[in-house]
Amino acid sequence: MTHQSSTRLQDAPVTVIGLGPMGLALAGALLKNGHPTTVWNRTPEKAKDLVARGARLAGSVADAVAAGPLTVVCLKDYATLYEVLDPAGGASAGRTLVNLNSGTPNEAHAAASWAAERDVTYLDGAVMVPPPLVGDPGSVFLFSGPREVFDAHRAALASLGDPRYLGSDPGLAVLHNAALLGLMYATMNGFLHATALVGSAGVRAAEFADLAVNWFLPTVVDATLVEQAPDLDAGHYPGELGTMHMNLNALEHIALTCEEQGVHARQPRLMREIAAQAIEDGHGESNYLAVFEVFKKAAEPGAR
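Counting from 2, one number per residue, gives the positions in the sequence shown under the numbering used here.
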């Protein structure tokens, strides 16, 4: 980092509202990077350590948002955002709010409208790392909203980690958050289920993890998805190396193996049903990535 960049970071005062574990980490990272930092929390005692490190504890929300041009909010949800910030009245007018609550794209759009009504510039965001990793240059934070607002505060946001701008639609950050967390849970469930399956024969989890995580996922799964991602955009699923019919047969064997081994079989049965739906939709001779076409549509009640 150049001296000039460092000066820009230190010149930018920031307010943090909400001092749960993540809010504490956010304020701590800002302080570490030299920002004059104001904090507010409904339980002021939570700010004790931050104040000892140089943070200023605001006496009210209005005082907090008036302390500088940028306020970062990290609360439970959007309803709590309104509950906490509405009492600030006009103190937030002409300032920027970065909201790192979790929620849905519709809630993000509503929050952007709520902010615009109060003359507040607004960025929605998502934290993609746990609190201990906040402040690490490689820790990704997602942001969406007006590009000029992101650019104006990018130096301050970079104190938290690696700021990624996704676009002007304020719902994009929480949409990506939901997608990435869904991927995380699906991947973890896949690994845990696979580990339970081999564990039914006495295979230790640590032994299986070396094969599954250190080799199979990066070499077979990750490489395939990256290579074939453009085919998803093109709707192109050539089946020369394996058709959906062949994959349905494999999924049937996985489900039967789980039943034989006395392991929970609902997850492979669901995958089998999704593949069968793809075949019913005319993708029997396509490769397995054609299930993407099933996922793109809302499931009808009672349907696969």
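Don't be surprised by glycine CBs; every beta carbon is placed ideally from N, CA and C.
Pairing residue 38 with residue 262, the inter-Cα distance amounts to about 57 Å. DSSP places residue 164 in no alpha helix (DSSP H) but in the uninterrupted beta strand (DSSP E) bounded by 163-166. As the crow flies, the alpha-carbon of residue 175 is around 11 Å from that of residue 124. Taking 9 Å as the cut-off, the Cβ atoms of residue 108 and residue 78 count as close. The three-state reading of DSSP puts residue 97 in strand, counting E and B together. Looking only at 253, 41, 142, 85, the smallest Cα-Cα distance to residue 158 is reached by 142. Straight through space, the alpha carbons of residue 20 and residue 194 are spaced by roughly 36 Å. Residue state for residue 264 is assigned as coil, using DSSP reduced to three classes. Looking at 98, 115, 294, 163, the one whose alpha-carbon comes closest to that of residue 128 is 163. In this chain, residue 41 is not harboured by any alpha helix (DSSP H); it is covered by the beta strand (DSSP E) spanning 38-41. When the Cα atoms are used, residue 292 and residue 92 turn out to be separated by approximately 50 Å. At a Cβ-Cβ threshold of 9 Å, residue 172 and residue 106 count as neighbours. Using a Cβ distance threshold of 9 Å, residue 135 and residue 73 do not count as a contacting pair.
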